[in-house]
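Contents: one structure, followed by commentary.
There are 2 protein chains.
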Amino acid sequence: MSEEFLKVAHAAREAAAELAPLPRAPKDRALRAIADALAAQAAQIVEANAKDVERAREQGTSEAMIDRLRLDVKRVEAIAEAVRQVADLPDPVGEVLRGSTLPNGLELRQLRVPLGVIGIIYEGRPNVTVDAAALCLKSGNAVLLRGSSSAYDSNTELVRIMQEALEGTEVPSGAVQLVPGQTRESVKELMRARGLVDVLIPRGGASLINSVVEESTVPVIETGVGNCHVYVDAEADLDLALDILVNSKAQRPSVCNAAETFLVHAGVAAEFLPKALARLAEEGVTVHGDERVAAHPGVVAATEDDFYAEYLSLDIAAAVVDSLEDAVAHIRKYGSGHTDAIVTRSQRAARRFVALVDSAAVAVNASTRFTDGGEFGFGAEIGISTQKLHARGPMGLPELTSTKWIYTGEGHLRTSEGTVISACQGGN
Amino acid sequence: MSEEFLKVAHAAREAAAELAPLPRAPKDRALRAIADALAAQAAQIVEANAKDVERAREQGTSEAMIDRLRLDVKRVEAIAEAVRQVADLPDPVGEVLRGSTLPNGLELRQLRVPLGVIGIIYEGRPNVTVDAAALCLKSGNAVLLRGSSSAYDSNTELVRIMQEALEGTEVPSGAVQLVPGQTRESVKELMRARGLVDVLIPRGGASLINSVVEESTVPVIETGVGNCHVYVDAEADLDLALDILVNSKAQRPSVCNAAETFLVHAGVAAEFLPKALARLAEEGVTVHGDERVAAHPGVVAATEDDFYAEYLSLDIAAAVVDSLEDAVAHIRKYGSGHTDAIVTRSQRAARRFVALVDSAAVAVNASTRFTDGGEFGFGAEIGISTQKLHARGPMGLPELTSTKWIYTGEGHLRTSEGTVISACQGGN
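Sequence order for the protein chains is A and B.
Per UniProt numbering, the very first residue in the first sequence carries number 1; after that it's consecutive.
Per UniProt numbering, the very first residue in the second sequence carries number 1; after that it's consecutive.
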């Protein structure tokens, strides 16, 4: 590993050890200092960001992408405000999750503790740099940030300001680090930093996430790939189904909890499909249908790839299924385990769908768009896990923690006959 | 991947989907059927085991290892009884972990669900084959077992009997699978089976665990490497410390929660060390000491490797430290994050040690030997996790589960202005 990388990784590790035992108040003070510093230095941030924007323009980046990249004073103020909101959230660290006095008198407690050093690899907007840092600090973790090279100047400036702001606080400034270099090599170093980094959270497209999972020796939490389904059951209220389908697909097509496929029971397909196709067409949505759907006008014939696709656009795949079980089998085969919805009046169908669909979230008679840390009341979200270990679904502050067992005795010894208390206790 | 491997992996995956929604009663019936079948066919198991024992003897295996491998009717009956005990444990699946009615009326629930397919790679005794299968089935998971090739005949027979026993039950017999082949290749296939296997749990020595972590694309839970420390504080009751040290080291030296290093504060070293060295010598323990410890007679000079070592034998490393903070720094550097103990009368020292030591378990005035699923009251244990993600410390049945979010509405749609309920609700 490069010396540059080792330097920031070790700095983060040392900071993590100092930060972990801090209670809530000094962490909140540090977050407010960061928010104030960001707001006060908005002009410098906008100036650094202008370099990223200029470079993007030279490289022929689309205006939509440039708008995602661009910061102005108002956006910087919103970023600072989001940090203040994180400061207002409860601290997960120190929460007693389980506890009892064991039969032998040992007092046993399981506490939430920080994970240590969290590596975040992300594409997209520079606000993630600050959001992720704030969530990590609040949960007592140091953070190694590896953002998009397209936002490197903005990220460098944001991290510099955060580090300077921490210098006047009890939180060590080393707790926020930008991974040096903009090369692919720096991502690799992060992925191989087992022992220095406790967990990696990749945030971005499927190819980024797959390459991290494939190559990383650091434990990974996969986030955000969403091939979400809406299943319209034989016993669905079809008008309700129509609203839920359209909302799930079209309310904000670019996000991971937008629907990418709908499945309709054969028993109601003849009635539902013409209405659904008309409504989706009104919304500008292109439907990629299997044979039975494509028999209707205006539908593009789907290939198998369409059923695997996370379009993130005004496209949706569609198929007719002969049973709830076939819908579940389709979702198990093609889905990404993010969010899948059923629309039905039947209690039995809802119960079966919920039991059989193996996804982070299952929605009944509701839009898939509600799978979100904000909607769930978490106050903030670092991403949506689509894996089964550690965290599944929207990840808030508790998902950025581990646990520690503590047991306290008075000379408890274990023997083959059971616990013995040492006879040697002096006065305590 | 070999066809043979894919066949068992797909069979496990299908079985997992059938098994996951089953409630407790049919799972318990299946476990009792397994226990009965094992007890009834003890003679066949002993016969298959005799082949393993004979092969081991031909290969010049030590008698101690052969004893670990050997099964007799009494041992088989104990294995069957352990399965009945798992049946008696509460079912973690379906537990509601969090739940609320959101401000918009959505009913939100987070439920425990099975992980899916669990791969277990293990060395050692054939009883693990049955123990691991029972814990996985109880928690609604299918299991792919890859035991030691030295126990292949025993494991094959045990799995055959378990599968046959399941055939008369509601649990699909495919839920218990032995990974075919005894080659290193079959371990590799398990490690690359992302999408087919949800989690891998390696149980064995450090080299096995490291190679799995290094090569696996399937998420891994590391278990069981224990370089546990006993720190004797400046304010320790020294007689109590002596008992705790000797118990932690010598009560059962071959297990992961046995102490492998002790650290003594410089302020009490002159008084403590002569007593400790005498007691450890009585117990047959060799002490590998740093310079200050090795100044005493009968101590072997320690190399740096000694402080990293998991001896699992009647050896212990020892060092004198100048402060609690130095003890913590030593543990952070050399420890494995399993269990570390402090002996002290000081409330402040205990509080600091607990806060600063970053391990799965921290013991205060108690032997390290208590870090154990049985002692913690879990009823059963699949291993002791020394990693921070998902599970940390002794893993019982809840640690073999994931979670699923379920939200139920009545036509809930998300808009930029907040939640809207579809106007189209018909009669339910």
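For each residue, glycine too, the CB sits at the ideal point set by N, CA and C.
| Item | Value |
| --- | --- |
| Take the Cβ of Asn428 of chain A as the centre, count every other Cβ of all protein chains shown within 10 Å, and call the residue buried at 16 or more, exposed below. | Residue confidence for Asn428 of chain A is low, a pLDDT of 43 falling below 50, so the modelled location carries little weight; the figure read from the coordinates is stated next. Under this definition Asn428 of chain A is an exposed residue. |
| Tell me whether Asp340 of chain A sits in a helix, a strand or coil according to DSSP, three-state version. | strand |
| Considering Cα atoms alone, identify which of B:Ala50, B:Asn257, B:Val176, B:Glu107 is closest to Thr386 of chain B. | B:Asn257 |
| Near Ala363 of chain A, which residues of its chain fall below 8 Å by C-beta distance, leaving aside the five closest residues on each side in sequence? | Thr339, Asp340, Ala341, Ile342, Phe370, Thr371 |
| Can Val143 of chain B and Gly119 of chain B be called in contact, C-beta distance under 9 Å? | yes |
| Please list, in chain order, the residues of the region 357-370 of chain A that have any C-beta partner in chain B closer than 8 Å. | Asp358, Ser359, Ala360, Ala361, Val362, Ala363, Val364, Asn365, Ala366, Ser367, Arg369, Phe370 |
| Taking a cut of 8 Å between CB atoms, which residues from the region 188-221 of chain B lie near chain A? | Arg194, Asp198, Val199, Val213, Glu214, Thr217, Pro219, Val220, Ile221 |
| So Pro180 of chain B packs on Phe5 of chain B, CB below 8 Å; how close in whole Å? | 7 Å |
| From Ala37 of chain B to His10 of chain B, what does the alpha carbon distance come to, in whole angstroms? | 25 Å |
| Within the same chain, show all residues whose beta-carbon is closer than 6 Å to that of Gly418 of chain A, passing over the 5 residues directly before and after it, in chain order. | none |
| Please list the residues of the region 391-422 of chain B that have a C-beta atom closer than 7 Å to any C-beta atom in chain A, keeping them in chain order. | Arg392, Gly393, Ser402, Thr403, Lys404, Trp405, Ile406, Tyr407, Thr408, Gly409, Glu410, Gly411, His412, Leu413, Arg414, Thr415, Ser422 |
| Of all the CB atoms in chain E, is at least one closer than 9 Å to the CB of Ile121 of chain A? | Among the protein chains of the structure shown, namely A and B, there is no chain E. |
| Tell me, please, whether the CB atom of Val113 of chain B is closer than 9 Å to any CB atom in chain A? | yes |
| Grab me the residues of Ala16 of chain B's own chain with a C-beta within less than 6 Å of its C-beta, minus the 5 sequence neighbours each way, in chain order. | Gly116, Val117, Ala142 |
| In chain order, what residues of the same chain have a beta carbon less than 7 Å from the beta carbon of Glu107 of chain B, not counting five sequence neighbours either side? | Thr101, Tyr407, Thr408 |
| Determine the DSSP secondary structure at Met1 of chain A, reduced to helix, strand or coil. | coil |
| Is any beta-carbon of chain A found at less than 9 Å from that of Ile244 of chain B? | yes |
| Starting from Ala210 of chain B, trace the alpha helix (DSSP H) both ways and give me its first and last residue. | Correcting the residue type first, residue 210 of chain B is Asn in the shown sequence and not Ala. Element bounds for Asn210 of chain B: 206-215. |
| Excluding five sequence neighbours on each side, which residues of the same chain lie with their C-beta closer than 7 Å to the C-beta of Ser186 of chain B? | Phe5, Arg146, Val179, Pro180 |
| Please return the same chain residues whose Cβ sits closer than 6 Å to the Cβ of Ala319 of chain A, not counting the five positions on each side in sequence. | Leu263, Asp290 |
| Buried or exposed: where does Ser248 of chain A fall if 16 or more other Cβ atoms within 10 Å of its Cβ makes it buried? | buried |
| Apart from the five residues just before and just after Ile316 of chain B, which ones in its own chain have a Cβ nearer than 8 Å to its Cβ? | Lys249, Ala259, Glu260, Thr261, Phe262, Leu280, Val285, Thr286, Val287, His288 |
| Which of the three DSSP states is assigned to Arg392 of chain B in this structure? | coil |
| How is Ile384 of chain A classed by DSSP in three states: helix, strand or coil? | strand |
| How would you write the range of the beta strand (DSSP E) that Leu196 of chain A sits in, first residue to last? | Element bounds for Leu196 of chain A: n/a, residue is neither H nor E. |
| Answer yes or no: does any C-beta atom of chain B fall closer than 9 Å to that of Asn379 of chain A? | According to the sequence as given, residue 379 of chain A is Gly; it is not Asn. Cβ-Cβ to chain B under 9 Å: no for Gly379 of chain A. |
| Out of curiosity, what's the CA-to-CA distance linking Ala327 of chain B and Leu356 of chain B? | 10 Å |
| Look at the Cβ atom of Val176 of chain A, then the Cβ atom of Val159 of chain A, and state whether they are nearer than 9 Å. | yes |
| For Arg24 of chain B, is the beta carbon positioned less than 8 Å from some heavy atom of the ligand MN? | The ligand MN is not part of this structure, which contains no ligands at all. |
| Pick helix, strand or coil for Val128 of chain A, following the three-state DSSP scheme. | helix |
| What three-state label does DSSP hand Asn141 of chain B in the structure shown? | coil |
| If the cut is a Cβ gap below 7 Å, which residues of chain B does Phe376 of chain A touch? | Leu108 |
| Nearest to Lys51 of chain A by alpha carbon, out of A:Lys404, A:Ser149, A:Phe272? | A:Ser149 |
| Start and end of the alpha helix (DSSP H) containing Glu77 of chain B? | 73-88 |
| Measuring alpha carbon to alpha carbon, tell me which of B:Val220, B:Ala35, B:Ser313 ends up nearest Glu399 of chain B. | B:Val220 |
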